[in-house]
Amino acid sequence: MKIATFFRKPLARRVMLPLILLALPFSLFAKDEASYNVDDYTGWAYKKDSSFSVSEGKLKLSVKQGTGSFCIYAINEKGSEIPLLSAYDSFSSNHFGVRIGKHEYNLNRESGVVCQSRRTPYGAQLSYTIKKQGIVVIDFTFMPSDSSSTVADVLRVSAYLVNLGKKKQTFSLKGMFDTVLGEPSGNHFMTATTDQIDKEVQFDSMNEEKWICSTNGETSVQFLLKGKGINPTHEVTLSNKDTLSKNSWVPSVKTSRSFNSVLSYNNSALCVNWPEIQLEKNDSKVITFYISVGTDSEAPAGDEFLSALEEGRTVLHECEPKDFSYLFAGVEEEKKVKKPRKDALGAKWWVGMPNIASYYEEEEEDEEGLDADGYAEASKTSAENASLESAKATKEANSSSKSKAKDEPIVITEEQLDTKYIHNLINYIKSLENDSELIDQEELNRLNKELDAILEKIRSMN
Numbered sequence: 418m419k420i421a422t423f424f425r426k427p428l429a430r431r432v433m434l435p436l437i438l439l440a441l442p443f444s445l446f447a448k449d450e451a452s453y454n455v456d457d458y459t460g461w462a463y464k465k466d467s468s469f470s471v472s473e474g475k476l477k478l479s480v481k482q483g484t485g486s487f488c489i490y491a492i493n494e495k496g497s498e499i500p501l502l503s504a505y506d507s508f509s510s511n512h513f514g515v516r517i518g519k520h521e522y523n524l525n526r527e528s529g530v531v532c533q534s535r536r537t538p539y540g541a542q543l544s545y546t547i548k549k550q551g552i553v554v555i556d557f558t559f560m561p562s563d564s565s566s567t568v569a570d571v572l573r574v575s576a577y578l579v580n581l582g583k584k585k586q587t588f589s590l591k592g593m594f595d596t597v598l599g600e601p602s603g604n605h606f607m608t609a610t611t612d613q614i615d616k617e618v619q620f621d622s623m624n625e626e627k628w629i630c631s632t633n634g635e636t637s638v639q640f641l642l643k644g645k646g647i648n649p650t651h652e653v654t655l656s657n658k659d660t661l662s663k664n665s666w667v668p669s670v671k672t673s674r675s676f677n678s679v680l681s682y683n684n685s686a687l688c689v690n691w692p693e694i695q696l697e698k699n700d701s702k703v704i705t706f707y708i709s710v711g712t713d714s715e716a717p718a719g720d721e722f723l724s725a726l727e728e729g730r731t732v733l734h735e736c737e738p739k740d741f742s743y744l745f746a747g748v749e750e751e752k753k754v755k756k757p758r759k760d761a762l763g764a765k766w767w768v769g770m771p772n773i774a775s776y777y778e779e780e781e782e783d784e785e786g787l788d789a790d791g792y793a794e795a796s797k798t799s800a801e802n803a804s805l806e807s808a809k810a811t812k813e814a815n816s817s818s819k820s821k822a823k824d825e826p827i828v829i830t831e832e833q834l835d836t837k838y839i840h841n842l843i844n845y846i847k848s849l850e851n852d853s854e855l856i857d858q859e860e861l862n863r864l865n866k867e868l869d870a871i872l873e874k875i876r877s878m879n
C-alpha cells in the first residue's frame with residue numbers, strides 16, 4: 418500500500434486539505450484496505466455502515482441512515498451518556514437543510530433525499546444526494562480542545578456542498594439543533610455577551626456573541642460560530658423548535674415571544690443559516706464550525722479553543738506530514754486489548770488529524786486561496802479530476818445507451834412498487850416541472866414513463 422497516495426495536495430498556502438486516508442489509526446480501516454471507499458469530491462476515506470454510534474473522550478455521536486438524522490451525547494466521569502440534543506423520534510428534530518436555487522430540501526428521509534452513513538478515521542459522516550442537483554456531506558470529527566490532551570471534548574462539523582447541476586447554482590445551508598439542557602431551568606441559552614436568554618432572539622452576526630451555549634449546570638454544549646477557520650453565519654436564531662421547523666428558510670422572530678408554542682411548552686432550539694454561495698458545475702466548498710462540550714459541572718473549553726485556533730495551537734495539521742509511519746502508531750497496541758470498544762476510535766486516534774477548515778480571517782481581507790465570501794474551494798487533484806472525467810464519460814455513454822433503448826419495455830422491480838419510492842418519484846417530477854431552470858425534457862419524459870409503468874404494474878396486480 419502506497420501511503421503517499423492517501424493524501425491530497427494542499428488547497429493553497431493558508432488552506433490545507435490533506436486527503437483523509439490518514440484513517441490508519443482507526444483499526445477498522447487498518448484491517449482491510451479493499452473495504453475503503455474514497456469520496457471523489459471531499460477526499461475522505463470511509464466505510465459504509467447503517468445506523469451506528471461512535472464515541473471518544475467526552476463525546477458520543479449517533480447517526481441513523483434510515484432517517485438521515487443524528488444526535489450528540491456527553492459522557493461524564495461515571496461513563497453516563499447525557500443527550501445534548503433531543504433523542505426523541507430517531508433524532509428527527511436534528512438535521513441540516515440545503516437550498517439549491519429556489520428549492521429547499523430537508524436532509525432527511527421524508528424529503529426523498531438519498532442518505533448514506535459512513536464511518537471515518539476520526540468520527541462519522543452523513544452523505545445526502547439530491548438527484549442531479551447536489552451532494553451534501555456532513556463530517557463529524559472528534560478532537561481535543563487542548564493540543565496537549567488526548568481527551569476529545571470538541572466536535573468539528575464540516576459541511577461539503579457539491580453542485581451536480583448542469584450549470585452554476587446557488588447553494589445555502591441551514592442547521593437545526595433541538596437543544597434540551599437549558600429547558601428545565603428556563604435559562605435556555607447564553608452567549609459570550611449574554612448570560613441569560615429566555616425569549617426568541619436572532620443574531621445577524623456572531624462577531625460579539627461568538628458562541629451559543631445550552632447548559633443544565635452539570636453538562637453543557639457550546640456551538641462555536643465565530644473564530645479562525647469558522648465560516649461566517651447569515652442568521653442565528655433561537656426560538657421554539659416547532660416555530661423553527663415550520664417557518665421560512667430564514668426564520669422570522671418576535672423578540673418578546675417565549676419558547677412556547679401551541680404544540681409544545683418550553684421547547685427551545687437553535688437554527689443556523691449560512692450565506693448563499695455560488696457553485697460552478699462539479700464545484701464544491703466547505704462550511705465549518707465546532708461544538709464544545711463540558712461535563713461534571715465544568716464549563717466547555719470553547720473560549721480557550723477559539724484562542725488556540727487563532728494561534729494555531731491545535732491538533733490540526735495545516736500541511737501534509739513528512740513522515741507517515743506514525744499514522745500506524747497504536748494499531749498493534751489496540752490489537753492486544755482483549756475486548757476493545759467497538760464504538761471507539763483506535764489508540765492515538767488524534768495523531769495526524771488534518772485541517773480541513775475553510776479559513777475566513779477578516780471580511781475586508783482577500784486571502785490567497787479564498788473566494789470573496791471566505792470559503793475555501795475543495796479543489797481536486799489531477800488524479801481525482803481524471804477519475805471524475807472518466808465517471809462523466811461513463812455516465813454519458815450510459816445515457817446514450819438509454820436513449821437508444823427508450824422504446825424498449827420498462828421492467829419494474831419490487832423496490833419501485835414501494836409507496837415511498839413512488840411518492841418520492843412524483844415529488845421529483847413535480848420539482849422538475851415547476852422550475853424552468855432545472856427542467857430536462859428528456860429526463861422528465863423518462864421519469865413519466867417510469868411512473869406510468871409502475872402504475873400499470875399496480876393495476877395489473879389488482
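Taking the working numbering, I'd label the letters of the sequence shown as residues 418 to 879. Positions of the beta carbon are idealized from the N, C-alpha and C atoms, including for glycine.
Here V703 is near A576, since their CB atoms are less than 8 Å apart. DSSP places T731 outside any beta strand (DSSP E), giving it a letter other than H or E. Nearest in C-alpha terms to S714, of all of I492, A462, L478, is I492.
Rounded to the nearest angstrom, the gap between the Cα atoms of R536 and S467 is 9 Å. Look at the beta carbons and you see the segment 591 to 607 touching the segment 617 to 633: at least three pairs across the two are nearer than 8 Å.
Here DSSP, grouped into helix, strand and coil, assigns S589 to strand. Three or more beta-carbon pairs drawn from the segment 661 to 671 and the segment 683 to 697 are found closer than 8 Å, and the two stretches are therefore classed as touching. Under the DSSP assignment, D556 falls in the beta strand (DSSP E) whose first and last residues are 551 to 560. Between T558 and K616, the C-beta spacing is not below 8 Å. Taking C-beta atoms as the reference points, M593 and N511 count as a pair closer than 8 Å. For K548 against Y845, the beta-carbon gap comes to about 7 Å, under 8 Å, which counts as contact.
Per the coordinates, the alpha-carbon of R573 lies some 20 Å from the alpha-carbon of Q482. For L501, the three-state secondary structure derived from DSSP is coil. Counting C-beta atoms within 10 angstroms of its own C-beta, K627 has 16 or more neighbours from the protein chains shown and is therefore classed as buried.
Taking C-beta separations shorter than 8 Å and ignoring five residues to either side along the sequence, the partners of I614 in its chain run N604, H605, F606, M607, T608, L655, following chain order. Within the segment 566 to 653, the complete beta strand (DSSP E) segments of 3 residues or longer fall at 571 to 580, 586 to 594, 618 to 620, 628 to 632, 637 to 641, listed in chain order. Assignment of T459 by DSSP, reduced to helix, strand and coil, places it in the coil class. Rounded to the nearest whole angstrom, the C-alpha separation of R730 and S564 is 6 Å. K519 carries a coil assignment under DSSP once its states are collapsed to helix, strand and coil. DSSP places S656 in the strand class (E or B) of the three-state scheme.
When only Cα atoms are considered, G719 and L641 end up about 7 Å apart.
Cβ-Cβ distances below 7 Å link S622 to nothing in the same chain once the five nearest sequence neighbours on each side are left out. Residue range 540 to 547 is occupied by the beta strand (DSSP E) that includes Y545. The residues T484, G485, S486, S509, H512, C532, in chain order, have a CB closer than 8 Å to that of N525 in the same chain once the five nearest residues on each side in sequence are set aside.
In the displayed model, N690 falls within a strand according to three-state DSSP. Counting C-beta atoms within 10 angstroms of its own C-beta, V828 has fewer than 16 neighbours from the protein chains shown and is therefore classed as exposed.
K671 carries a coil assignment under DSSP once its states are collapsed to helix, strand and coil. Our two residues, V471 and G496, have alpha carbons roughly 14 Å apart in a direct line.
Of the candidates S479, L834, I489, G644, the residue whose Cα lies closest to the Cα of D570 is I489. DSSP lists Y463 as the bridge partner or partners of N454. By alpha-carbon distance to S724, the top candidate from I647, V670, P668, H520 is I647. Nearest neighbour of V515 by Cα position, chosen from L872, V455, S675, S665, turns out to be S665. Look at A870 here: in three-state DSSP terms it is helix.
Take E498, set aside five residues on each side of it, and the residues of its chain with a beta-carbon closer than 7 Å to its own are K477, Y490, I492, in chain order.
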